[in-house]
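Undergrad: Sharing a structure below in structure tokens format, with a few things to ask.
Residue numbers (my numbering): 11 to 119.
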């Protein structure tokens, strides 16, 4: 299958691969599977708008953290995560700014 082929190439389990017809559909699938009314998500204030859109559809609070010179402020993101946070969205590289968090910082996060 396509998922297995991708998993083999990336050296991950097939269950870790999700295919869809674009990022919007993938965000929708994840949001519907994970989020419930009363949960929250954390994301940047200036990022791909579908994170916010699908959280609101699912009845969730959206916690937006401002970018720091156009880059994700991972410390600030960590500080707003609470027991109701179900998803932390980090668009990397960020859309629309094009800035990115390097692999080391993202892994540490």
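Yeah, the Cβ is synthetic: ideal placement off N, Cα and C, and Gly gets one too.
Does DSSP put residue 68 in a helix, a strand or coil?
TA: Position 58 of the chain shown holds residue 68. Here residue 68 sits in coil by DSSP.
Undergrad: Starting from residue 53 and walking both ways along the beta strand (DSSP E), at which residues does that stretch end?
TA: Locating residue 53 in the chain shown gives position 43, where the first residue counts as 1. Taken as a continuous stretch (DSSP letters only), the beta strand (DSSP E) holding residue 53 covers 50-54.
Undergrad: Could you give the distance in angstroms between the alpha-carbon of residue 73 and the alpha-carbon of residue 20?
TA: If you number the chain shown from 1, residue 73 lands on position 63. If you number the chain shown from 1, residue 20 lands on position 10. Residue 73 and residue 20 have their C-alpha atoms roughly 32 angstroms apart.
Undergrad: So for residue 27, helix, strand or coil by DSSP?
TA: Against the chain shown, residue 27 aligns to sequence position 17. Three-state result, residue 27: coil.
Undergrad: For residue 22 and residue 75, what's the separation of their Cα atoms in angstroms?
TA: What you label residue 22 is simply residue 12 of the chain shown in a count that begins at 1. What you label residue 75 is simply residue 65 of the chain shown in a count that begins at 1. So the two alpha carbons sit approximately 31 angstroms from each other.
Undergrad: Check for me: the beta strand (DSSP E) holding residue 100 runs from which residue to which?
TA: Here residue 100 refers to the residue found at position 90 when the chain shown is read from its first residue. Premise fails: residue 100 is in no beta strand (DSSP E) and is neither H nor E.
Undergrad: Is the CB-CB distance between residue 47 and residue 69 below 8 angstroms?
TA: Residue 47 sits at position 37 when you count from the first residue of the chain shown. Residue 69 sits at position 59 when you count from the first residue of the chain shown. In contact: residue 47 and residue 69 (Cβ atoms closer than 8 angstroms).
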